[in-house]
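Beneath this line is the structure, given in structure tokens, with notes to follow.
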Amino acid sequence: MKFKREIIRATRDQSAFTLAEVLAALVFMAILIPVALEALSVAGRAGVVAVRKSEAALVAERILNENIVTTNWNTAVQNGTVRQGPREFRWTLRNEPWTADTSQNVMRLLSVEVTYAARGQDYSVRLATLVDSSQSMTMASSQP
23 MKFKREIIRA TRDQSAFTLA EVLAALVFMA ILIPVALEAL SVAGRAGVVA
73 VRKSEAALVA ERILNENIVT TNWNTAVQNG TVRQGPREFR WTLRNEPWTA
123 DTSQNVMRLL SVEVTYAARG QDYSVRLATL VDSSQSMTMA SSQP
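Quick note: the sequence shown uses this note's numbering, first residue 23, plus one each step.
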């Protein structure tokens, strides 16, 4: 009789997962792993887009500043391509009248839109500033 008690006590001390518990854990992992991988993919894509967007903003700022300093913004629309490191950025410079203040007709709105590709999709950054067109006419007429 003593022998049977030891056998019963030994089986109670041993614990294991049942088939239902193992299957439930596998189903939970089958749901969780694809969601986690998709989250990592989205985070990686967002990182690439953010880096390219900051590079495009630098390109837009440089083009805007160069055109203001050289007063090369008198035409209505200009466009081109700039290489920044290994990437190319397409840009468009627009010169439009500033209509927010009707009492001033010498202010012009200069805007640069830089288009860039990230992960097979096109994105764009747009920067704008106001310039006084009377100063550019004065400079152009004073040059020999």
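Note that CB positions come from ideal geometry on N, CA and C, so glycine has one too.
As the structure is a computational prediction, the values presented were derived from the model and not from experiment.
Item, Value
"Whole-number beta carbon distance between V134 and A82, since they are thought to touch under 8 Å", "5 Å"
"Given 8 Å, three or more beta-carbon pairs between the region 39-58 and the region 87-102", "no"
"Contacting residues, own chain, Cβ-Cβ under 8 Å from W113 (five flanking each side not counted)", "V81, A82, I85, N101, G102, T103, V104, V134, E135, V136 and T137"
"Coil, strand or helix - A150 by DSSP", "strand"
"P119 in three-state terms, based on DSSP", "strand"
"Those residues which DSSP pairs with V170 across a bridge", "No answer is possible for residue 170: the residues shown for the chain start at 23 and end at 166."
"Span of the beta strand (DSSP E) around V186", "A question about residue 186 goes unanswered here, because the residues of the chain that appear run from 23 up to 166."
"Own chain, CB closer than 7 Å to N87, minus 5 neighbours either side, in chain order", "none"
"Anticipated Cβ contact below 8 Å, A68 with V147, distance rounded", "So it is not a contact: roughly 16 Å between Cβ atoms."
"Coil, strand or helix - F50 by DSSP", "helix"
"Test item: CB-CB of V71 and Y145 under 8 Å", "yes"
"Exposure label - R141; buried when at least 16 CB within 10 Å", "exposed"
"C-alpha gap between M161 and R109, whole angstroms", "Low local confidence applies: a pLDDT of 44 at M161 is under 50, so the model's placement there is unreliable, with the coordinate-based value given in what follows. Their backbone Cα atoms lie some 35 Å apart in a straight line."
"Under 8 Å between C-beta atoms of L132 and L115", "yes"
"A52 classed as buried or exposed, judged by whether at least 16 other C-beta atoms fall within 10 angstroms", "exposed"
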